[in-house]
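Line by line, the protein sequences are chains C and E.
For the first sequence, counting from 1, position 117 maps to 117 in the working numbering; every step adds exactly one.
For the second sequence, counting from 1, position 57 maps to 1057 in the working numbering; every step adds exactly one.
Heads up: the structure comes next, in structure tokens.
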Amino acid sequence: MFSKQAKNKGLTHTMMFILKGLFAIAIIGLLYWLFLDTILQMHVAINENTNERHAINLANVLISSEKLAYENDRKMMRGILDVDKLDEIFVRSGSFTLIPIKDIGIGYPNSLTLVRIIDLEKCNSFDICDGWIGYLSGPITLQGLSIVNFGECVSEHARADIWTIFKFFVAGPVLAWWHPLDLANCAENNIPSSFKLLFTNSQITSEGFPIVIKYPNGDMHLGRIYVLLGEFS
Amino acid sequence: MKGQAEIAIMGMIFTVVAIIAMRFPLIILQYHLAVNLNLEYEYNNAQLTLLSLVSTKYNETYSMYRVISERNLNGFDESMKEKIIFNMDLLTHAKCFRLVDETSTILEKGDCSAAKHSGEIYLFKPYGQELVEKIYLVYE
């Protein structure tokens, strides 16, 4: 009788010991996971912050650059963009042309920038405004990576036929123009596996900076410039 | 039993403190980064808003720059104010804003009192007592 009780007591103690041990291991595991997660999130927060600062800087450079800014008596007018220069680099939004990727010598290394410029005084009743859109690429320093080649490959494989309009409304713009297999091949052939792209949704991306757009007839319209910067490493 | 309950409570306190201690620096860092980035964006936005405002035309003859800088000489009527307010509305997307100089308010819009996001610009005043005037934009 006493022997059975002692045996049960021993079993209970052993079970309690095992449970306590498992609990302690779970707590240590949780804290370790939290520690790693915190470090990872700190890295992401710092990288995102750097990316957003770069986007702000890039927008400031673009609106002051001779490539886009209006020149009056050899004076660069910061914040006033020349329509003729915009037409050379970007495509008008709303036109059914593929958006080219251009290197105008402005951009961070290993980056791809989506620039959108809208004319706030040329908006329709649905608040959709006329403007320009384009991709700018920076110098590529990574071996084996060619985002420009990827862009060219994607442009080459775009297909337009009678079903394009139908597919546009049913499956969206990407699947209307490209076959998924072609996109996958372009990515596989031009983008290495170590490719990491960082696009962030910041204020400069969503709200933009105010600018003035100068038309050839002398009209000056208020507008905004939006910069979405993707940096990869 | 009492001893076990104490150990459990101590364990819980330890776990909660450890979690907070690990997450707290991250929250502080994220707050610090977000605040600084927001300040940088708003400063740039306000400066460019003022720059865009003075770069536009008031009509075929006058620029906004001349309307603002020569307001004491040529007058500053309601139609001029309305045109500036219209442009500022487009540029700032703000509920309310004020355009002020060193001593007084030039114009303001909205019922609320704007107090944040300030940008400034220097205007050359060819006909004033002082050659340069500093204009501030305050909006939110």
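We put the CB at the ideal spot given by N, CA and C, even for glycine.
These numbers come from a predicted model, not from an experiment.
Rounded C-alpha distance that separates residue i from residue j
i: Ile-99/C; j: Leu-181/C; result: 21 Å
i: Ala-6/C; j: Gly-1011/E; result: 29 Å
i: Glu-1140/E; j: Ala-1114/E; result: 6 Å
i: Gly-131/C; j: Asp-119/C; result: 6 Å
i: Thr-1103/E; j: Leu-34/C; result: 54 Å
i: Thr-1061/E; j: Phe-1097/E; result: 27 Å
i: Leu-1074/E; j: Ile-140/C; result: Note that residue 1074/E is Asn in the sequence shown here, rather than Leu. The straight-line gap from Cα to Cα measures roughly 55 Å.
i: Leu-1048/E; j: Ala-1008/E; result: 59 Å
i: Gly-208/C; j: Lys-20/C; result: 56 Å
i: Ala-24/C; j: Asn-47/C; result: 35 Å
i: Ser-202/C; j: Asn-1072/E; result: 41 Å
i: Pro-1126/E; j: Ala-1034/E; result: 42 Å
i: Ile-1135/E; j: Ile-1085/E; result: 15 Å
i: Glu-1108/E; j: Leu-1099/E; result: 6 Å
i: Tyr-135/C; j: Asp-103/C; result: 9 Å
i: Ala-69/C; j: Met-76/C; result: 6 Å
i: Tyr-1041/E; j: Glu-231/C; result: 19 Å
i: Cys-1112/E; j: Lys-1095/E; result: 8 Å
i: Ala-1018/E; j: Leu-1091/E; result: 47 Å
Contact check, residue i vs residue j, beta carbons under 8 Å
i: Ile-211/C; j: Leu-86/C; result: no
i: His-236/C; j: Cys-186/C; result: The structure shown has nothing for residue 236/C, since chain C only spans 1 to 233.
i: Phe-150/C; j: Val-115/C; result: no
i: Leu-1123/E; j: Tyr-1065/E; result: yes
i: Asp-1101/E; j: Glu-1133/E; result: yes
i: Leu-1051/E; j: Ile-1121/E; result: yes
Residue i at chain A interface by Cβ criterion, 8 Å
i: Thr-205/C; result: Of the chains in the structure shown, none is chain A; the protein chains are C and E.
Integer Cβ distance of residue i from residue j, believed to fall under 8 Å
i: Met-42/C; j: Leu-1029/E; result: 6 Å
i: Leu-229/C; j: Asn-51/C; result: 6 Å
i: Gly-1119/E; j: Leu-1137/E; result: 5 Å
i: Ile-106/C; j: Ser-65/C; result: 6 Å
i: Val-154/C; j: Leu-183/C; result: 7 Å
i: Ile-39/C; j: Ser-93/C; result: Not a contact, Cβ separation roughly 41 Å.
i: Leu-62/C; j: Ile-213/C; result: Not confirmed; about 13 Å, so no contact.
i: Ile-27/C; j: Thr-1015/E; result: 6 Å
i: Gly-223/C; j: Ile-117/C; result: 6 Å
i: Tyr-215/C; j: Val-83/C; result: 5 Å
i: His-1117/E; j: Ala-1046/E; result: 6 Å
i: Tyr-108/C; j: Leu-31/C; result: Going by Cβ atoms, the distance from Tyr-108/C to Leu-31/C rounds to 38 Å, so no, they are not a contact pair.
For residue i, three-class secondary structure by DSSP
i: Leu-1123/E; result: strand
i: Thr-141/C; result: coil
i: Ile-1013/E; result: helix
i: Trp-132/C; result: strand
i: Glu-1082/E; result: helix
i: Leu-1051/E; result: helix
i: Thr-1105/E; result: strand
i: Ile-39/C; result: helix
i: Gly-79/C; result: strand
i: Leu-22/C; result: helix
i: Lys-1116/E; result: coil
i: Asp-87/C; result: helix
i: Thr-119/C; result: Residue 119/C is actually Asp in this sequence, not Thr. DSSP places Asp-119/C in strand when its eight states are reduced to three.
i: Ser-1063/E; result: strand
Bridge-paired residues (DSSP) for residue i
i: Leu-68/C; result: Note: Leu-68/C sits in no beta bridge, so no partner.
i: Tyr-1139/E; result: Phe-1097/E
i: Phe-209/C; result: Ile-225/C
i: Leu-112/C; result: Ser-137/C and Gly-230/C
i: Lys-102/C; result: Leu-136/C
i: Val-1132/E; result: Phe-1124/E
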